[in-house]
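Chains as they are written, first to last, in UniProt numbering: chain H, 1 to 467; chain V, 1 to 483.
The structure appears right after this line, and notes come after that.
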């Protein structure tokens, strides 16, 4: 299969049509159906799109992504297509518009092959909260593909599309990327418009790409980034040319000391990270262990704030205006209660209730206000680190992909995000690159966090590490 | 002393003013009243998944305008908040509003108290928010219908301090607020259509008490008069209850305009916990000094400023000044007239008299009046110069002017042959004619009935066809009659 945009381009130059590339992918998707990566394959519309791109290629008007086949997480809106956030509450719902990120890819000739399974409303770290079943890890089907963007990661790892889009609220791109050996980028908050992304926690959510190469990540980011009239939190900062190769001769890297002391961290994850540190030092770069004694606070603060926002964001799913309505509800109060009780899954309900609680009168200051303070402290402390260092280096995940059904305690599951929520709390860009090969045969990622809007530096450094 | 005289009322008003922006607060949907139900509803208004609010910057400008007009403090840094509650006409499940950082704090509105003296009503805050849709319960027998055209319409909420003491003061306050928002062009002030709405917080306490009574919120009053009625009812109800030894419940009550009473809607215990928190989908707003300055430079004249100018500088009576400043359009018309004549009193009389009655007879607004204010000034000029009499101006020239609004009054006067005659010889001739025609009255005058002067002047006008200059004629008439 075509694993990168470069391979697609090479095939097109060799005379292959976009339609036939899409057909190859469709065959592959069918073959690997048991992964449960796709919730729906847009067979009809993707072939139609492919034909149009073929015409454009013929007339020489094709864009930079001509023929690139993209899968989108099932929380991204695509006009005329179903979108469900892997939830029954959006049963039968079709989007009336295409979100900005997806539209920008389409405008450059990308074709959208289908929507990808994920945790319900992106709430989960294993794809097991999806109303439509879990996604299997293509590298070992007994293992999870990670979450919440499990389908997006699995599809790219398994060669079911050239690249995919996911969303990252607390690690939902980077963690599954780590588990599947793919590249996953969470851009700086505000770098890519959220218009068309079904909100989980608005001040954390970012759309980002899954790819099989850094070049592809850079190109997709290049195309999706930039200001957008439909999202006032999208930054109007200019989009630079990504991955220009520029790096300081002496790269300064901070390693969060406490990350190695995390309970349950896999020794091979530690040793691989240490090997990278040693290698960088040997090449004359400055790598220092920096104390960052806040890791114990990041996950609780993250869950207080994200559930608070989620409890409000998910209010619109009330059985009144669209989506699922309980068939036997009478009156408005019962419509709300029954539709929401029947439509939402357990984890979503848990988070809505937690979020409602932390915002409630009498508990607000103890939870919401306090978590906001933690967020501000983290921002300040992280900024301090970046005054002395170019990058923060740490593992993406404490371990490799775990067994399906292997983590039962929700708190244990939340700790999956220990290394990833930091960048969402502070808004910094973070990239997971496949680096480790565990003795258990599974890959794991290394994570780089960069300065705000320095995705260019992040990509350059990642490329440097790979060589 | 009546029982109710032992008590005093404490009233605070919350006014919601729908802003007259072209589009809604956070979407491109058209903001208009009376459209077919659910036609101004895009995916943002419908709260479809994946949509985000888009800030309509005009709303900030309007809020600053009102803040400046009320001398409020305008916050430089603000953010929006979400007010969370479930209701079918609230598709997002939350309302975007301002909670901890209202755009305006403090400020005041000056009204007349029950004795006609100035009274300052302090403002607590003014903030921006969005309207909900409309639930219609009385059209379909079985179902409640929801119209979302109104959902997302920008509102200004103006919260007063509890400085209002009587229903009349509340009436005056609302009249003043309505006048103000209309002057500022930020709201059409139409309470019947709901573009201006008012909730009243009312409590009573023994006169001189330092401790406020339990406040009751009254809603659903669709005219200023009904706000007054509701407050009157509520004050009596609360006093009666207290006198009977009952405890006033903290609750929300609804005004029934037909019966003129308030009815309990819900108790405070059943109230929602709105779980306010900062709206993460909108950037915080920064309002700089330059922006405020820019709005200030574009401010229209304010009714109170004009009132003070008319009474203090132009020497008009309070009544005249009040009538002229009642609407901005009328005031601006008057301003147009006095830009071209220094005879302010005459200008006021013309605008309030002939012009207004012309409009009233035809059911027109001043903006429909065909005659330019400069023409009225020219008419006043003709009277001042003694070219025409006031009565000729009113009876002949003004009606002709409304027919031919562009023709100079002087040319109309010439065309109608009504230019006043101030030639002494011809006036003398007219007077002699009057004396000759009315020998009996002359005799009575001479025997002491001096009040017949008026009769003779009338006859003179008849004989001269209104052209004799009355000032000159008056003097001469006396002389000739005395001899």
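Note that the Cβ used here is the ideal one computed from N, Cα and C, for glycine as well.
What you are looking at is a predicted structure, and each value in this text was computed from that prediction instead of being measured.
Q: Anything in the region 94-124 of chain V with a Cβ closer than 8 angstroms to a Cβ of chain H? List those residues in chain order, please.
A: Correct list: 94.
Q.
Using 8 angstroms as the cut-off, can you tell me whether the region 166-173 of chain H makes contact with the region 192-212 of chain H, which would need three or more C-beta pairs spanning the two stretches below that distance?
A. A contact is defined here as three or more CB-CB pairs under 8 angstroms, and the region 166-173 of chain H meets this definition with respect to the region 192-212 of chain H.
Q: Kindly say whether residue 363/H, judged by its beta-carbon, lies nearer than 8 angstroms to any beta-carbon of chain V.
A: Your numbering for residue 363/H matches position 363 in the first chain. Cβ-Cβ to chain V under 8 angstroms: no for residue 363/H.
Q: Establish whether the CB of residue 213/V and some CB of chain H are separated by less than 8 angstroms.
A: In the second chain, residue 213/V corresponds to position 213, counting from 1. Not a single CB atom of chain H sits nearer than 8 angstroms to the CB of residue 213/V.
Q) Using Cβ-Cβ distances below 8 angstroms, what residues of the region 165-196 of chain H are close to chain V? A) Considering only beta carbons, the part of the region 165-196 of chain H lying closer than 8 angstroms to chain V consists of 194, 195, 196, in chain order.
(Q) Buried or exposed, going by whether 16 or more other CB atoms sit within 10 Å of the CB of residue 365/V? (A) Translated into positions along the second chain, residue 365/V becomes position 365. Taking all protein chains shown into account, residue 365/V has fewer than 16 neighbouring C-beta atoms within 10 Å of its C-beta and is therefore exposed.
Q: Could you say which of 205/V, 18/V, 125/V lies nearest to residue 247/V if we only look at CA atoms?
A: Position 247 of the second chain, counted from the first residue, corresponds to residue 247/V. Looking only at 205/V, 18/V, 125/V, the smallest Cα-Cα distance to residue 247/V is reached by 205/V.
**Q.** Assigned exposure category for residue 353/H - 16 Cβ within 10 Å defines buried
**A.** If you number the first chain from 1, residue 353/H lands on position 353. Per the 10 Å Cβ criterion, exposed.
**Q.** Endpoints, beta strand (DSSP E) assigned at residue 365/V
**A.** Residue mapping note: residue 365/V aligns to position 365 of the second chain, counting from 1. Run containing residue 365/V: none; DSSP gives neither H nor E here.
Q | Start-end ranges of the alpha helix (DSSP H) lying completely within the region 59-142 of chain H, minimum 4 residues | A | Fully enclosed alpha helix (DSSP H) runs of no fewer than 4 residues occupy 100-107 of the region 59-142 of chain H, in order along the chain.
(Q) Please tell me whether residue 122/H has its Cβ less than 8 angstroms away from any Cβ of chain V. (A) Along the first chain, one-based indexing puts residue 122/H at 122. With 8 angstroms as the cut-off, residue 122/H does not count as an interface residue toward chain V.
Q | Neighbourhood of residue 468/V by C-beta, 6 angstroms cutoff - its chain only, sequence neighbours within 5 removed | A | On the second chain, residue 468/V is found 468 positions in, with the first residue counted as 1. Counting only Cβ-Cβ distances below 6 angstroms, and skipping sequence neighbours, we find 421, 427, 430, 460.
Q) What residues from chain H crowd round residue 140/V, counting only those whose CB sits closer than 9 angstroms? A) As a working mapping, residue 140/V is identified with position 140 in the second chain. Per Cβ cutoff of 9 angstroms: no residues; residue 140/V is ~14 angstroms from chain H at best.
Q: Measure the CB-CB distance between residue 144/H and residue 150/H and report whether it falls below 8 angstroms.
A: As a position in the first chain, residue 144/H is number 144, starting the count at 1. As a position in the first chain, residue 150/H is number 150, starting the count at 1. Yes, they are a contact pair.
Q: Going by DSSP, name the residue or residues bridged to residue 82/V.
A: Residue mapping note: residue 82/V aligns to position 82 of the second chain, counting from 1. BP columns for residue 82/V point to 96/V, 277/V.
Q) Where does residue 125/V fall in DSSP's three states? A) On the second chain, residue 125/V is found 125 positions in, with the first residue counted as 1. Three-state result, residue 125/V: strand.
Q. Could one say the Cβ of residue 284/V lies closer than 8 angstroms to chain H's Cβ atoms, at least one of them?
A. To locate residue 284/V, count along the second chain from 1; it is residue 284. No, its Cβ sits nowhere closer than 8 angstroms to a Cβ of chain H.
Q. What residues from chain V crowd round residue 309/H, counting only those whose CB sits closer than 7 angstroms?
A. As a first step, residue 309/H must be located in the first chain, where it is residue number 309. Under the 7 angstroms cutoff, chain V gives 280.
Q.
Under 8 angstroms, with one C-beta from each stretch per pair, do the region 67-76 of chain V and the region 24-32 of chain V reach the 3-pair mark?
A. Taking one beta carbon from each stretch, the region 67-76 of chain V and the region 24-32 of chain V have fewer than 3 pairs nearer than 8 angstroms; the two do not touch.
Q.
In this structure, how does DSSP classify residue 53/V when only helix, strand and coil are distinguished?
A. For the purposes of this step, residue 53/V is taken as residue 53 along the second chain, with counting starting at 1. Coil.
Q.
Counting only beta-carbon separations shorter than 8 angstroms, does residue 129/H have a partner in chain V?
A. Walking along the first chain from the start, residue 129/H turns up at place 129. No, because no Cβ of chain V sits closer than 8 angstroms to the Cβ of residue 129/H.
Q.
Tell me the DSSP secondary structure of residue 248/V in three-state form.
A. What you label residue 248/V is simply residue 248 of the second chain in a count that begins at 1. Residue 248/V falls in the coil class under three-state DSSP.
Q | Element boundaries [alpha helix (DSSP H), containing residue 413/H] | A | The residue labelled residue 413/H in the question sits at position 413 within the first chain. Looking at the DSSP string, the run of the alpha helix (DSSP H) that includes residue 413/H is 410-414.
(Q) Is there a C-beta anywhere in chain V that falls below 8 angstroms from the one on residue 226/H? (A) For the purposes of this step, residue 226/H is identified with residue 226 of the first chain, where counting begins at 1. No - not a single Cβ of chain V is within 8 angstroms of the one on residue 226/H.
Q) Cα separation between residue 319/V and residue 456/V? A) On the second chain, position 319 is the one that residue 319/V refers to. On the second chain, position 456 is the one that residue 456/V refers to. Spanning the two alpha carbons is a distance of roughly 34 angstroms.
Q: Measure from the C-beta of residue 368/H to each C-beta in chain V and report whether the shortest distance is under 8 angstroms.
A: As a working mapping, residue 368/H is identified with position 368 in the first chain. At least one chain V Cβ lies under 8 angstroms of residue 368/H.
Q) Along the region 43-59 of chain V, what residues have a CB closer than 8 angstroms to any CB found in chain H? A) Considering only beta carbons, the part of the region 43-59 of chain V lying closer than 8 angstroms to chain H consists of 43, 46, 47, 48, 49, 50, 51, 52, 53, 54, 55, in chain order.
Q. Run through DSSP, which three-state label would residue 419/V get?
A. Within the second chain, residue 419/V is the residue found at index 419, counting from 1. Residue state for residue 419/V is assigned as coil, using DSSP reduced to three classes.
Q: Could you check the C-alpha separation between residue 399/H and residue 19/H for me, to the nearest Å?
A: Indexing the first chain from 1 puts residue 399/H at position 399. Indexing the first chain from 1 puts residue 19/H at position 19. It is roughly 40 angstroms from the alpha-carbon of residue 399/H to the alpha-carbon of residue 19/H.
Q. DSSP on residue 477/H, reduced to helix/strand/coil?
A. Nothing can be reported for residue 477/H: it is not among the residues displayed for chain H, which extend from 1 to 467.
Q. By DSSP, does residue 286/V sit in helix, in strand, or in coil?
A. Sequence index remark: in the second chain, residue 286/V carries index 286 (1-based). Strand, per DSSP.
Q: Could you work out which residues of chain H lie near residue 82/V, taking near to mean beta carbons separated by less than 7 angstroms?
A: Within the second chain, numbered from 1, the residue matching residue 82/V stands at position 82. Simply 312.
**Q.** Contacts around residue 334/V, its chain only, beta-carbon distance under 6 angstroms, and the 5 residues preceding and following it disregarded
**A.** Counting from 1 along the second chain, the entry for residue 334/V is found at position 334. These residues qualify, in order along the chain: 324, 351.
Q | chain V contact residues for residue 99/H, given Cβ-Cβ distances below 7 angstroms | A | The residue given as residue 99/H occupies position 99 in the first chain. What residue 99/H touches in chain V: 50.
Q) So with Cβ pairs under 8 angstroms, would you call residue 484/V a contact of chain H? A) Absent from the structure is residue 484/V, since the part of chain V shown begins at 1 and ends at 483.
Q: Report the neighbours of residue 72/H on chain V: residues whose CB is nearer than 8 angstroms to its CB, in chain order.
A: Taking the first chain and counting its residues from 1, one reaches residue 72/H at position 72. None at all; the shortest Cβ gap to chain V is about 12 angstroms.
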